[in-house]
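These notes are about the structure you will find just below.
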Amino acid sequence: MADDSMCFACGERNPDGLHLTFDYADGVITTRHAFDKKFQGYSGVVHGGLVSTVLDETMVTLLNRMGLLAMTAELTVRYVRPVPVGQPLMVTARLVRSRRRVHELAAEAVLPDGEVAARAEGRFMSLDELPKEAPDTAA
Numbered sequence: 160m161a162d163d164s165m166c167f168a169c170g171e172r173n174p175d176g177l178h179l180t181f182d183y184a185d186g187v188i189t190t191r192h193a194f195d196k197k198f199q200g201y202s203g204v205v206h207g208g209l210v211s212t213v214l215d216e217t218m219v220t221l222l223n224r225m226g227l228l229a230m231t232a233e234l235t236v237r238y239v240r241p242v243p244v245g246q247p248l249m250v251t252a253r254l255v256r257s258r259r260r261v262h263e264l265a266a267e268a269v270l271p272d273g274e275v276a277a278r279a280e281g282r283f284m285s286l287d288e289l290p291k292e293a294p295d296t297a298a
């Protein structure tokens, strides 16, 4: 599978992306990220969809590090506290259970003061390969 490094969450070449990097040890994966003001919803608060994106990406990246190609089948996010713009958020994910081609994971986003900002649970489907890219039909 070719990687063109344009993933919005982790792609190094995506000029509009988050450029997430990950640490993986003992079956747990972690990323840290502080969102710029351009990613806010309310003034000074990170848009919840972006917090969800980082939770989702951390979980699927854990599966990738385990040698699995997978896609999100279901994602549930519980927002606990707002994430302030500019404050580093630490996101950690772990595998809960695997059954055949379905993998259940949990993730948590923690603020610098140790308070949980959001929790997520996800179900991911293993894939044999990614779908082929559709031809560009833009005129």
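FYI, our numbering numbers position 3 of the sequence shown as 162, with every residue one higher than the one before it.
Just so you know, even glycine gets a beta-carbon here, dropped at the ideal spot from N, CA and C.
Proximal residues to residue i (C-beta, below 8 angstroms), its chain only, five neighbours per side dropped
i, result
"M160", "Low per-residue confidence applies at M160: pLDDT is 49, beneath 50, and the placement is therefore not dependable, though the value from the model is reported in the following sentence. Same-chain partners within the cutoff: L228, E288 and L289."
Residue(s) in a DSSP beta bridge with residue i
i, result
"S285", "A229"
"E267", "T251 and R278"
Boundaries of the alpha helix (DSSP H) in which residue i is found, first to last residue
i, result
"E216", "G207 to R224"
Beta carbon of residue i nearer than 8 angstroms to that of residue j
i, j, result
"V204", "A268", "no"
"L234", "G176", "no"
"M284", "R253", "no"
"T231", "V242", "no"
Residue range of the beta strand (DSSP E) that includes residue i
i, result
"M249", "P247 to R258"
"R191", "V187 to A193"
Burial state of residue i (16 or more Cβ within 10 Å)
i, result
"L286", "exposed"
"V239", "exposed"
"D162", "exposed"
Nonlocal neighbours in the same chain, by C-beta distance under 6 angstroms from residue i, ignoring five residues either side
i, result
"T189", "D182 and T251"
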